[in-house]
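To start, the structure itself, in structure tokens.
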Amino acid sequence: MCCDPEQRYTSHQALSHPWISGDTAGTKDIHCLVASHLKISLAKRNWKKAFNATTVIRQLQMLRLSSISQGASTSTSK
Numbered sequence: 003m004c005c006d007p008e009q010r011y012t013s014h015q016a017l018s019h020p021w022i023s024g025d026t027a028g029t030k031d032i033h034c035l036v037a038s039h040l041k042i043s044l045a046k047r048n049w050k051k052a053f054n055a056t057t058v059i060r061q062l063q064m065l066r067l068s069s070i071s072q073g074a075s076t077s078t079s080k
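Residue numbers (the numbering used here): 3 to 80.
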């Protein structure tokens, strides 16, 4: 794209450009490659979710133990 209107493509030039006319598309089948990358990405996402859930559960358990020990120390000091 050009800011100068004089240098811009005309509609005929744009339609004959290889990106628009479709002469640049590859003939290689990439379905298997894309599918394998999607599977890997999904597996990574699931591992990340499991790790985050485990981390949250551990932090909640530590918080609970901390509050229990603080409650026990305040009740014994009375």
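Built from N, CA and C at the ideal position, the CB exists for glycine as well. Computed from a predicted model, the values in this text were never measured in an experiment.
Going straight from the alpha carbon of ALA45 to that of SER38, what length do you get? Answer to the nearest angstrom: the Cα atoms are 11 angstroms apart.
Should THR29 and PRO20 be called a contact, given that it needs their Cβ atoms to be closer than 7 angstroms? The answer is no: Cβ separation not under 7 angstroms.
Roughly how many angstroms lie between the CA atoms of CYS4 and THR12, to the nearest whole one? Here the alpha carbons of THR12 and CYS4 stand approximately 12 angstroms from one another.
Report the three-state DSSP secondary structure of ARG47 (helix, strand or coil). It is helical.
Tell me the start and end of each unbroken alpha helix (DSSP H) in the segment 16 to 42 that is at least 4 residues and wholly inside, in chain order. Correct list: 20 to 23.
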